Amino acid sequence: MLRLADRVAVITGAGSGIGRATAERFAQEGARVVCFDTDGEAAGAVAADVNGLAVVGNVTDPEDVDRVFREAYATFGSVDIA
């Protein structure tokens, strides 16, 4: 049984390191993953690997944070883990 089936997770720093590993693990557990990173190419590569959504932005910019959640809701209809 997948522990995160049908859950939507926004992962910051998903383009590399711990963020990438978290995105991959959440996807393995059934989550739909939003990969949020300042590096669009890296976020896109991870999103492609996990069949998720890439959003480019900086977690320190309130407008970018608002946008990642708007895009997550528009694509998946909810956010369960952030």
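Every letter in the sequence shown is one number past the one before it in numbering that gives the first Met the number 0, and letter 72, counting from 1, is 71. Ideal Cβ positions, reconstructed from N, Cα and C, are used throughout, including at glycine. Small disclaimer: the values here were computed from a predicted structure and weren't measured.
From residue i to residue j, what distance separates their C-alpha atoms?
{"i": "residue 9", "j": "residue 78", "result": "7 angstroms"}
{"i": "residue 138", "j": "residue 28", "result": "Given a span of 0 to 81 for the chain in the structure shown, any question on residue 138 remains unanswerable."}
{"i": "residue 1", "j": "residue 62", "result": "33 angstroms"}
{"i": "residue 40", "j": "residue 80", "result": "23 angstroms"}
{"i": "residue 71", "j": "residue 64", "result": "11 angstroms"}
{"i": "residue 25", "j": "residue 43", "result": "16 angstroms"}
Would you give the residue range spanned by the alpha helix (DSSP H) that residue i belongs to?
{"i": "residue 74", "result": "61-75"}
{"i": "residue 46", "result": "39-49"}
Which residue marks the beginning of the beta strand (DSSP E) containing residue i, and which one marks its end?
{"i": "residue 31", "result": "31-36"}
Please list, in chain order, all residues of the same chain as residue i whose beta carbon is under 6 angstroms from its beta carbon, the five residues on each side excluded.
{"i": "residue 22", "result": "10, 13, 32, 34, 45, 49"}
Considering only residues of the same chain and omitting the five flanking positions on each side of residue i, which have a CB-CB separation below 7 angstroms?
{"i": "residue 4", "result": "29"}
{"i": "residue 75", "result": "7, 31"}
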